[in-house]
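Going by the numbering used here, the sequence shown opens with residue 509, and the numbers climb by one from there.
Where a beta carbon is used, it is the ideal one built from N, C-alpha and C, also for glycine.
Written below as structure tokens is the structure these notes are about.
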Amino acid sequence: MKTLYLIRHAKSSWNNSDLDDHERPLLEKGIKRTENIIQFLKNRKVNPCIILSSQTVRALETARIIARGLKYPEDEILTDSKLYFDGTDGINEVIYELPDEKKSALIVGHNPYLTQFTNRFLARKIESIPTSGVVCIDFNTNSWHEISLAEKKVRFIIYPKDL
């Protein structure tokens with residue numbers, strides 16, 4: 509069994525137009541919403557084997573907040589530019605590269621690609637994963653390479669507004 513947690517980064521600031529898109533920081537509102545999501549994840553006993561994030565400031569800050577909340581070592585968060593630059597194929601590639609001994613992975617990424625990737629596995633498609641939103645899917649397989657073909661079950665979809 510493999511479990512995938514797909515999380516969109518927390519709400520970020522557009523206040524400084526001089527900042528490159530990669531450098532946009534989180535808003536306090538985004539941090540608070542993520543903290544609410546963390547409480548939900550803790551209540552569900554979420555304990556990812558690996559956390560991966562886009563290299564952008566907003567995604568990596570989100571991953572660090574989640575890691576702290578779930579008692580995952582922040583220095584073990586992996587970053588990969590494919591989660592930002594390479595669309596759904598990049599997300600797919602990052603997941604396929606995961607070592608099979610890792611039973612669960614938490615990925616912090618960006619829309620629209622995160623929603624597009626997630627919808628590949630949902631019978632009922634979602635319009636858009638909001639900031640700090642989480643989709644959890646279980647795959648009945650022992651290999652990350654086989655998740656596309658595996659029987660799947662959506663464990664939960666949770667958005668900050670639901671809490």
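Would residue i and residue j qualify as a contact pair, given that the criterion is a beta-carbon distance under 8 Å?
i       : j       : result
Ile-645 : Leu-512 : yes
Leu-622 : Leu-514 : yes
Tyr-604 : Pro-638 : no
When the Cα atoms are used, what is the spatial distance from residue i to residue j?
i       : j       : result
Asn-534 : Lys-579 : In the sequence as presented, Asn is not what sits at residue 534; that position holds Leu. In a straight line, the C-alpha of Leu-534 is about 21 Å away from that of Lys-579.
Ser-589 : Gln-624 : 18 Å
Gly-538 : Ile-665 : 18 Å
Lys-669 : Ser-640 : 10 Å
So, helix, strand or coil for residue i, using DSSP?
i       : result
Lys-537 : helix
Ile-666 : strand
Leu-549 : helix
Glu-635 : coil
Leu-568 : helix
Phe-593 : helix
Does any C-beta atom of chain D lie closer than 8 Å to the C-beta of residue i?
i       : result
Ile-603 : Protein chains in the displayed structure number just one, and chain D is not present.
Three or more beta-carbon pairs under 8 Å between the segment 634-652 and the segment 602-609, yes or no? yes
Decide yes or no for the touch test of the segment 568-583 against the segment 538-547: beta carbon pairs closer than 8 Å, at least 3 of them. yes
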